[in-house]
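Numbering (this note's numbering), first residue to last: -16 to 121.
Where a beta carbon is used, it is the ideal one built from N, C-alpha and C, also for glycine.
Note that the structure is a prediction, hence the values are computed from the model and not measured.
Working notes, beginning with the structure itself.
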């Protein structure tokens, strides 16, 4: 069995960072932003900064069916905690790859019906995030 490629770093560097820079954001990658819910270090894929405002960016890649889908609610909780701890004004969870069965549900905003502070985190597709970042609209 061939191991799955779980590294989103290439996608981040090739697509997300240039889009953020074109949108006028300074970008730091792989940044620790405190503790995860329940303990452990919370590291985000990027922090985009413009005019003193910080936005957290975390990516989940799902190329084929797998476990990334179940990790989305927990990541939203951890990002919301980081925003509430004033590490940023808001956060994005970017879903890349075409292996998602719940992508439409997650990007619809309906997760906020179940998680108290989910409104602090916007869950978007990779394509939508590139458009938003490119246009400087984070």
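Neighbour-count burial assignment, residue i, 16 or more Cβ in a 10 Å radius
i: residue 97; result: exposed
i: residue 57; result: exposed
i: residue -1; result: buried
Cβ-Cβ distance between residue i and residue j below 8 angstroms
i: residue 39; j: residue 65; result: yes
i: residue 2; j: residue 32; result: no
i: residue 80; j: residue 46; result: yes
i: residue 61; j: residue 19; result: yes
i: residue 101; j: residue 59; result: yes
Beta-bridge pairing of residue i - partner residues as DSSP gives them
i: residue 18; result: 24
i: residue 44; result: 79
i: residue 39; result: 30 and 74
i: residue 10; result: 31
i: residue 108; result: 78
Closer than 7 angstroms: residue i CB and nearest the ligand GTP heavy atom
i: residue 80; result: As for the ligand GTP, it is missing from this structure, which has no ligand bound.
Proximity winner among the options, relative to residue i (alpha-carbon distances)
i: residue 41; options: 68, 63 and 69; result: 63
Counting pairs of Cβ atoms below 8 angstroms between the segment 100 to 115 and the segment 68 to 84, do you hit three or more? Counting C-beta pairs with one atom in each stretch, the segment 100 to 115 and the segment 68 to 84 have three or more that are closer than 8 angstroms, which means they touch.
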